[in-house]
Every structure is written in structure tokens, then in C-alpha cells.
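Note sheet for the following structure.
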């Protein structure tokens, strides 16, 4: 706990009183973000509140500052309309009084003192890297200034940090150039800091899911410490802190895994925010409403606690799993990093001045684009595959011909917070939008093999797509030798395996494949298509029936649980919650109907085959 002084307590109480008066001026409206911002900032950091209150005395509206100051997603606060906050002369007097109290603070800051004490304790125990979180940019900048004055090396990583600079900051943190990394909530998602074992929540979010996300940044695979430490700077007497403590106690954060509660908590987020920041409520009224909301969360949690895995039948049984990885690698029927690199190289060749190179160690790809390639990237946005915000930065870097660095190794990308090249990356999606890129339908190549007889083979490559209960897509191949003898898929699988391992040697001037050779290859694939379709249709009917029974059984169990809950409520004389349970029955019925309809379509099953490439393959001894 942070024990604040009498003066600090007085400043906080005066700020809450000011916010209550602001809300009274807007009676009938929900507590908007700008209105409650002074109280939130006071709970986070009183010295920053001192500067913030000066701004309020100057400006007639606080909306701009509210948006600039808060790192938390405004949408999490509630579906409110952020309007201007007008300060009449009487309220400006109140602000002047708060400003006068703040002036008496000087350099005093009990919360920072507690923070600094915690840092020194961890440093003394050998913990040289500490991750600290706050919602507010103003607070993060204040902490950075104070820590720097105290000789502690720190960096701030909030929403204003460009993606290109983020990996540099993380790398400096890893190398001990930075002792304390000050983060906002936005930057805590999707980053791993397994080399750090301490998290300090300078501002503790009420939503326990966000607490788990913060802890999850360090409690990762690769964490070398046996114990990770989590410190929460809780200030008794502040409305936010007291309510947050109660919410976490009831939900069980820090004790149990609460991942399954996320969809439930999300439904009550706006209700909780409205209660927390309604300063017109008395403490008793606030506590009563909080308890009512938490009871609803617990009730819903009890209903879904035993939700079973609805993924249905396993895709592979134990016999199929055994040796599956070796089979995938042997046949080459997947898209790997080399193929993605080739795709981007092909895309870069489309525009004069573009460049795509791989580092000597094979871990990094350096891509320099052009304005033409930026236009291709916008096609990804137009197709609905990426949002405008995801595209904007990359498009600007392509137009400016700024070097884009992508990581080709998943583990390296995870550790260093780098941008991993994968099939969903916007640059890959952009390359696929361009007709003709990486779609050479005919070519010649050479491979070295110990399993195939030396010679020249004509290979036809197709993509087979099965639409059923278990949809699948895979490469099929067929081949004939120089004498026209059909050879099945052996040479083609060898070609795909070498291609996936980036060991393919392209040769110049391919000789034309004969019509007879292509016709023989096509007949092989067509026969395979007929046989495979017949087999999969029969299997699909069995799978669909088993899945239908599983859906029904799962549905019946859930309905029985909900009805049992209704009976319990009736027996306990608590009928107010029954409509909630009845709505869950209707939702389950709707879900069952939707799933059965989708299953009916999938049960029909269909298969198609598209020919995508012809290769004249030369095989030489390895």
C-alpha cells in the first residue's frame, strides 16, 4: 500500500469534489472521459495532476487533453460521447484552490517514493530489469524524468513510439542499457520480456484480464527465474484503488486462471466504469452497485465454468500423428520462409528501384519499396484484409523508400519484438494481390537425389481443395519420365521437398513439355481426384453424423445446466436473475441451429483440382 500524506489526500478529495460538480452540470449524461479525467490523473500521479490542473484553468475544454493523456483505449471506458467540458467562474475558483494546494506539494510524492523503494529493493536482490505500467503518457514522462534524475536508466514505450524504434528499445532493455522500461497498456500486448522477472503496476487496471496480460509479458517460455514478482501500487482511500481491490478479490485475480471470464467481464465493463466514475454516488450506493455487478459476473461464470471443448473429432488419430512431421517435411506440402522470401523478391522485381535481400546469417530480410509497391499495399486494405491504420505506416515507408526489416526466425522475432515474415504479413498479402507475381506456370529445374533415378521428368503440379467437415488444401503432383512412363507422385514430392528447403536449382531455357506427357500427367491426377473424392465423401458422411451427435449432446448438457440454475434461483427466491438464464437458453438454441446448418452444408462435401504449374525436372545423383 502507498501511504499518502494529509496534503496529498486533501488534493485528491478536492479533485473528486470538482469532478462531482462537473457531473452535476451534466446531469442525465453518463460520465464522459474528459469529465472524470482529473480524478483519474490524480489517482495515478498527483505531481502530474498539478500541471494538468493548470491546463484546465486555461482551457475551456478538456477533451483534447483527455485524448492525449490517456494511453488506454477510450472505447474501453464506455460508449459515451466526449463533449466539451465548460468551466464556469465558480468552477474555475475550485480549480484555483486545487492549484494552490498542489503548489504546496513541492517535490513530495509518496507514490513515487514507494515506487523508488521497490526499485531499490529489487536492484539490491540482483533484479536488473523491471517493467512498469501506467495508463497515462503524462505519468510515464514524469516517471522517466524522476528516474533519470535519480540515476536510473529508463525508457518510455507508449503509443507514440514508432514500430521501427520499438525493437531498438527492447534490445537496449535486454542488454542492460535500460534498467526500467516504462510501458503503456497498448504496448504491453503482443510483446515478450522473458528476460525480465519484475512487473510493477503503477496504475492498476480494474479489468483483471489486463493484469494477466501484463504479467504474461514476463511469465513466458524461456523465463530463467524460478519466481516472477508483481508489485501493485495501491493507494487506500482513492475510489479507483478501493474498487479495483474489491473487483480483483471477488474475481480471484492472482490466484486462479481467469481467461474464461474475459467474455463475461467484457459484458459488464461499461457498467463497472459508470459506477466507478459516478461521483454523485455515496460510498454505500457505489459499493452496493459494484456488488450487484460482481454477482452477475460470478453467476455467468458458474454457468460456463464447465464448457467443454467443441472442436469435435480430432483431425488425426494417434497412428496418423506418429511420424506426421517427417511426412510433411518429406513431401514438401507446405509454404515456408524461403517461399515467402522468393515471393517478395519477385514482387520487388516488379518495380524499378525496389530491393529485397536476406542477411548473411539468414535471420533478416531487408526490403526497400517504391511508390508503385505502396499502391499494391492499398489493394490489401481495399480487399478488407487489413485496416487503414495497419497499412498507413508500411505504405509510407514504401513510398519513402525506407528500409523495412523483417525477421525470418520466429524465436528471434519473439525475443527481440521484431516483425516476423509470415503468410499473413501485409507485404505478403500485397504481393499476392499483383497478377503475375510468383505465378510462373512453366519452368525447368534441377535437383540432387539419392532416391530417384537420374533423368528428365515432366511434372504437373496441382492444388486439390476439399470442402467438407474437415476442409483441406494440398499440393498434388504427377510425373512421367522421358519415355512417357507414368511415375505417380514420387518425383513431384521430391521437387516440393527440395523447394521447401530452398535447395532448388533453376535452369535456363526450358525445353517445351510434350502434349502427350502433359496429358499423361493430367490423367494421373484426374484418376486420383476421382478416387480421393469417393473416399472422402464416404468418410465425410461418418464425420458429419458423429459431429451432429456431439453438437446435440453438448447442447443438451448446457440447456440442462441452465435449467438447473433457473430452478436454484426459484428455490432461493431470487427471480430477478431468471431472465438472464432464459436469454442464455435462447442463445444456445440459436447457436445450435447455426452450427447444424453449417454442418449440413459441410456434410455434402466436394473436391476440386486446379493445375498451377508444369516443371521439366532434371534429376542428378546427390
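Numbering (my numbering), first residue to last: 87 to 708.
Cβ atoms here follow ideal geometry from the backbone N, Cα and C, with glycine treated the same way.
Taking the Cα of residue 260 as reference, the smallest distance to any Cα among 240, 249 and 453 is reached at 240. For residue 222, there is no enclosing alpha helix (DSSP H), since its DSSP letter is neither H nor E. Residue 456 has its alpha-carbon roughly 9 angstroms from the corresponding atom of residue 481. Between residue 542 and residue 568, the C-beta gap is smaller than 7 angstroms, which places the two residues in contact. Short of 7 angstroms from the beta carbon of residue 234, and not among the five residues preceding or following it, lie these beta carbons of its own chain, in chain order: 240. For residue 553, the enclosing beta strand (DSSP E) covers residues 541-553. Note on geometry: alpha-carbon atoms of residue 248 and residue 130 lie some 25 angstroms from one another. Residue range 664-690 is occupied by the alpha helix (DSSP H) that includes residue 676. Here DSSP, grouped into helix, strand and coil, assigns residue 572 to strand.
Sequence-distant partners of residue 674 (beyond 5 residues in either direction) whose C-beta falls short of 8 angstroms from its own C-beta, in its chain, are 641, 644, 645 and 648. In the three-state DSSP reduction, residue 567 falls in the strand class (E or B). DSSP, reduced to helix, strand and coil, places residue 703 within a strand of the structure shown.
In the three-state scheme derived from DSSP, where H, G and I count as helix and E and B as strand, residue 535 is classed as strand.
The three-state reading of DSSP puts residue 454 in strand, counting E and B together. Proximity to residue 195 across 134, 213, 211 and 186 peaks at 134, based on C-alpha coordinates. Here residue 507 really is in contact with residue 423; their C-beta atoms are around 7 angstroms apart, less than 8 angstroms. Taking a contact to require three or more Cβ pairs closer than 8 angstroms, the region 504-520 and the region 453-467 qualify as touching.
In terms of Cβ geometry, residue 549 and residue 698 form a close pair [threshold 7 angstroms].
The alpha carbon of residue 510 has as its nearest neighbour, out of 477, 502 and 486, the alpha carbon of 477. In this structure, the beta-carbon distance from residue 691 to residue 623 falls below 7 angstroms. The beta carbon of residue 574 is closer than 6 angstroms to none in its chain, skipping five residues each way along the sequence.
If you draw a straight line from the Cα of residue 444 to the Cα of residue 535, it comes to about 27 angstroms. Going by DSSP, residue 441 is part of no alpha helix (DSSP H) but of the beta strand (DSSP E) stretching over 441-444. Spatial neighbours of residue 190 in its own chain (CB-CB distance under 8 angstroms, excluding positions within 5 residues in sequence) are listed in chain order as 93. Checking the DSSP bridge columns, you'll see residue 318 partnered with 287. For residue 544 against residue 604, the beta-carbon gap comes to about 7 angstroms, under 8 angstroms, which counts as contact. In this structure the region 177-187 does not touch the region 219-233; the number of beta carbon pairs closer than 8 angstroms is below three. Straight across, the Cα-Cα distance linking residue 602 with residue 570 is about 8 angstroms. Counting along the chain, no beta strand (DSSP E) covers residue 215, and no H or E run does either. Nearest in C-alpha terms to residue 217, of all of 199, 679, 242 and 430, is 242.
Going by DSSP, residue 241 is part of no alpha helix (DSSP H) but of the beta strand (DSSP E) stretching over 240-243. In its chain, beyond the 5 residues on either side, 648, 651 and 652 have a beta carbon closer than 6 angstroms to the beta carbon of residue 667. Comparing alpha-carbon positions, the option among 287, 105 and 256 lying closest to residue 281 turns out to be 256. Listed in chain order, the non-local C-beta contacts of residue 504 below 7 angstroms within the same chain comprise 253, 493 and 498, local neighbours out to five positions each way being set aside. Here DSSP, grouped into helix, strand and coil, assigns residue 520 to coil.
Looking at the DSSP output, residue 562 sits in a beta bridge with 548.
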